[in-house]
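A short write-up of the structure that comes next.
Numbering (the working numbering), first residue to last: 6 to 81.
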């Protein structure tokens, strides 16, 4: 089972999916596409691993243990 954590001003929203459950896969992929369109950044990591073990991803990976979403940092 995979888990997606969406970090924003409201806190931490959790979405779970299973490769054996097509309905949860469709929902997770849809949310991934939607957040990508908002220009948020997705990082995959083994469940519970430190931030140093994350990898930036551009496409939904159903085999990922955990995907963490953050807003892009804007500076200037």
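Cβ atoms here follow ideal geometry from the backbone N, Cα and C, with glycine treated the same way.
Remember, predicted model here, so these are calculated numbers, not experimental data.
Short Cβ contact (8 Å threshold) for residue i with residue j
i: residue 59; j: residue 50; result: yes
i: residue 9; j: residue 24; result: no
Through-space distance from residue j to residue i, alpha-carbon basis
i: residue 62; j: residue 47; result: 6 Å
i: residue 65; j: residue 80; result: 27 Å
i: residue 52; j: residue 70; result: 5 Å
i: residue 28; j: residue 15; result: 26 Å
Pick from the options that is closest to residue i, judged by C-alpha positions
i: residue 74; options: 29, 41 and 26; result: 41
i: residue 77; options: 6, 7 and 11; result: 11
i: residue 30; options: 39, 7, 16 and 56; result: 7
i: residue 13; options: 38, 28 and 43; result: 43
i: residue 55; options: 18, 32 and 72; result: 72
Three-way DSSP call (helix, strand, coil) for residue i in this model
i: residue 6; result: coil
i: residue 33; result: helix
i: residue 47; result: strand
i: residue 71; result: strand
Min CB distance residue i to chain B below 8 Å
i: residue 40; result: In the structure shown, chain B cannot be found, because there is only a single protein chain.
Opposing strand residues paired with residue i [DSSP bridges]
i: residue 21; result: 8
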